[in-house]
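Top to bottom, those sequences are chains A and B.
The opening position of the first sequence corresponds to residue 3 in my numbering, with each subsequent residue numbered one higher.
The opening position of the second sequence corresponds to residue 679 in my numbering, with each subsequent residue numbered one higher.
Glycine residues also receive a C-beta, built at the ideal position from the N, C-alpha and C atoms.
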Amino acid sequence: MAEIKFNDIIKPENLVYKRSKVLTDNVMHYCPGCGHGTVHNVLAEVIEEEGLQSRTIGITPVGCSVLMYNYLDIDFQEAAHGRAPALATAVKRLMPDKFVFSYQGDGDLAAIGTAETIHTCNRGENILMLFINNGIYGMTGGQMAPTTLEGMKSSTSPYGRDVAMMGAPIKMADIVAMLPGTCFVTRHSVNTASGVKKLKRALKKAVQYQNEKRGTCFIEVVSNCPSGWKMTPVESNKWMEENMIPFYPLGDIKVPAE
Amino acid sequence: MKGNEAIAEAAIRAGADGYFGYPITPQSEILEYLMEANPQARTGMVVLQAESEVAAINMVYGGAACGKKVLTSSSSPGISLKQEGITYIAGAELPCLIVNVVRGGPGLGTIQPAQSDYFQAVKGGGHGDYHLIVLAPSSVQEMADFVELGFDLAFKYRNPVMILSDGAIGQMMEKVYLKPQKERSTEILPWATTGKPETRERNIITSLDLDAARQEKFNLKLVAKYNEIKQKEVRFEEFLTDDAEYILVAYGTSARICQKAIKLARAEGIKVGLLRPITLFPYPSRRLNEMALKVRGMLAVEMSTGQMVEDVMLAVNGKTRVAHFGRMGGIIPTPEEVVENLKKFIKG
């Protein structure tokens, strides 16, 4: 095989990967190594490939991804902390032919918004709930989240999470999978290329199920927080693989009957 | 029909797209009526019982952000829970209708009628510099009429509107003329999040701006809007004020009591009239200020410890005597009590 020079690589005919048209030109504010950017990218690709741009409404949370609306070229609503599923419920009920997703972190979805999460899933709203679980409050500077692992240090659990005092980490995907309203509950990560591909496949399934009005799709992405965990991006991915994923195992938790 | 039922039927007929609520006395009939009337079949209107008042107001936020005609209703403790959503809606400049059928407080308080949520409705309620447009019905007819008026004002100014009623008007039965059914709007509003076509930029509904200078500019834009509302939307009603030496100032249920009290007082030779604010924000301050020079005093009659009376004082700015008479805890004053307290006020 002939050697490919740099100037040849960037020629359009040699492009293997390209930037989704659904991504805007804004520079993302996320820390180096953070999973949010990758999830945004995959979601943008799916919206583009499925032809959903003109009928998608996204609901952003409070947390690191509060400014997500700057990065995807679609209509967005910015919710109060924890309330994204309530907004999404109304949007979908009032405009059933739109593609509606909420995007939330662990503090948003699993602490302050628990009631909205549970009841939206229980009603089986035809929306996609995307849940980014990095076990910490990133935006406010690394406080303990409901999903913080036992013994894990944070700025509000400086000696490690003491389960007897602070409660145990909560597995939201497993909880919502028990509700009859959810049709598809699955857990992924974006620390590997194959993980990214699997997430993309799951997102495409969620689009299909929403089109078929089968109920709530809940996709959890176990992610890292290099800044909050006080690690380099590489260290944080390794720590995630060794600690987070064993507690939050990847794979489908609930799939609809085909 | 009941005041609460009038609100519900008027919402369907006004062409509302959605109602999101949670049960609380004394306004549960609104949700019950809407569920039974099945507006989904009649007009396609969505009615949903939410898991909490917090969820309900955030459903209203989501629906309003799509440019839809949406409303919620509750009573005092529930309205407190909705304040988070209300300030976001005001901050995102979205139209919607919020009905508060007030009961006595603070806390869980009582289920009887009161007017003790005036400050919360008129002065803010949630955090940040914002105002609701506040309408105060004093009859079942006005409960019905103010639904459509409220939606019109909400969309005209892209601002949340509150109907500040109370348990008495909510539960009271009166004859009411209902307008014919209006078609639900199919118009796609240019600012609404309805999915981004290639022909426009994406629409983002948010109340967040991390840039201080831009946020201040936005605050000033809101001030300009509120000033325009103060110029154009003040509504009030006067009763026997032409020759009045004393003015009772009262809204809602209290205004009805005051009308009877005025008849009793006039039979005794006391020249007294009523100014009934219909909009509580914007407040009829200018009219009260004009009247202040011609009268000997103004008595604010409220079912509270004295909230609206502060706006009367601000309006007259020392030009005449102002005092307050009120009953609380769910007690509605009698016309005789009002006359008795008016006489005390006249004696000074």
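Original post:
Does any CB atom of chain A fall closer than 8 Å to the CB of Met-737 (chain B)?
Top reply: yes
Subject >> Minimum Cβ-Cβ distance from Ala-92 (chain A) to chain B less than 8 Å >> reply: yes
Original post:
For Ala-694 (chain B), does the three-state DSSP call read helix, strand or coil?
Top reply: coil
Original post:
What residue does the beta strand (DSSP E) around Met-131 (chain A) start on, and which one ends it?
Top reply: 130-135
**OP:** Taking only the alpha-carbon atoms, compute the straight-line gap between Arg-880 (chain B) and Lys-760 (chain B) and give it to the nearest angstrom.
**Re:** 28 Å
Subject >> Residue from A:Ile-221, A:Cys-123 and A:Val-192 with nearest C-alpha to Lys-240 (chain A) >> reply: A:Val-192
Original post:
So, does the CB of Ser-730 (chain B) fall closer than 8 Å to a CB anywhere in chain A?
Top reply: yes
Original post:
Do Ala-970 (chain B) and Leu-952 (chain B) come within 8 Å of each other at the CB atom, strictly closer than that value?
Top reply: no
**OP:** Please classify Leu-831 (chain B): does DSSP put it in a helix, a strand, or coil?
**Re:** helix
Subject >> Beta carbon proximity, Cys-774 (chain B) to chain A, threshold 8 Å >> reply: no
Original post:
Within 10 angstroms of its Cβ, does Phe-8 (chain A) collect 16 or more other Cβ (buried), or is it exposed?
Top reply: exposed
Subject >> Contacting positions in the segment 686-703 of chain B - beta carbon closer than 7 Å to chain A >> reply: Asp-695, Gly-696 and Phe-698
Original post:
Beta-carbon separation of Pro-228 (chain A) and Pro-34 (chain A) under 8 Å?
Top reply: yes
Subject >> Cβ of Gly-803 (chain B) within 8 Å of any chain A Cβ >> reply: no
Original post:
Cβ-heavy atom distance between Lys-760 (chain B) and the ligand MG below 7 Å?
Top reply: You won't find the ligand MG in this model; it holds no ligand whatsoever.
Original post:
Looking at C-beta atoms only, is the number of pairs between the segment 845-865 of chain B and the segment 36-50 of chain A that lie closer than 8 Å three or more?
Top reply: no
Original post:
Under three-state DSSP, which class holds Ser-157 (chain A)?
Top reply: coil
Original post:
Along the chain, where does the alpha helix (DSSP H) that runs through Arg-95 (chain A) open and close?
Top reply: 86-96
**OP:** Determine the burial state of Ser-196 (chain A): buried for a count of at least 16 other Cβ atoms within 10 Å of its Cβ, exposed for fewer.
**Re:** exposed
Original post:
Between the C-alpha atoms of Trp-869 (chain B) and Ala-179 (chain A), what's the straight-line distance to the nearest angstrom?
Top reply: 36 Å
Subject >> Chain-order list of residues whose beta-carbon lies under 7 Å from that of Gly-143 (chain A) (same chain, five-residue window excluded) >> reply: Ser-157
Original post:
Apart from the five residues just before and just after Gly-39 (chain A), which ones in its own chain have a Cβ nearer than 7 Å to its Cβ?
Top reply: Met-30 and Tyr-32
Original post:
alpha helix (DSSP H) containing Gly-763 (chain B): first to last residue?
Top reply: 754-769
Subject >> 8 Å Cβ cut-off: residues of chain B touching Val-68 (chain A) >> reply: Leu-886
Original post:
Are Glu-916 (chain B) and Lys-949 (chain B) close, meaning C-beta to C-beta below 8 Å?
Top reply: no
Original post:
Which value, in whole angstroms, describes the spacing of the CA atoms of Asn-72 (chain A) and Ala-1001 (chain B)?
Top reply: 53 Å
Subject >> Under 7 Å by beta carbon: chain B residues contacting Ala-82 (chain A) >> reply: Asn-736, Glu-762, Gly-763 and Tyr-766
**OP:** Give, in chain order, every unbroken run of the alpha helix (DSSP H) that is at least 4 residues long and sits entirely within the segment 883-965 of chain B.
**Re:** 890-910 and 930-945
Original post:
Comparing alpha-carbon positions, which option in B:Tyr-700, B:Leu-709, B:Tyr-697 and B:Thr-1012 lies nearest Gly-681 (chain B)?
Top reply: B:Leu-709
Original post:
If we count the other Cβ atoms within 10 Å of its Cβ and call it buried at 16 or more, is Lys-747 (chain B) buried or exposed?
Top reply: buried
Original post:
Along chain A, which residues have their Cβ under 8 Å away from the Cβ of Ala-743 (chain B)?
Top reply: Gln-79, Leu-89 and Val-93
Original post:
Excluding five sequence neighbours on each side, which residues of the same chain lie with their C-beta closer than 6 Å to the C-beta of Leu-867 (chain B)?
Top reply: Gly-745
Original post:
What span of residues does the alpha helix (DSSP H) with Arg-203 (chain A) cover, start to end?
Top reply: 195-213
Subject >> Short CB-CB distance (under 8 Å) between Lys-100 (chain A) and chain B >> reply: yes
Original post:
Would a check of beta-carbon distances place Ala-733 (chain B) closer than 8 Å to chain A?
Top reply: yes
Subject >> Inter-residue spacing [alpha-carbon to alpha-carbon] between Ser-706 (chain B) and His-805 (chain B) >> reply: 27 Å
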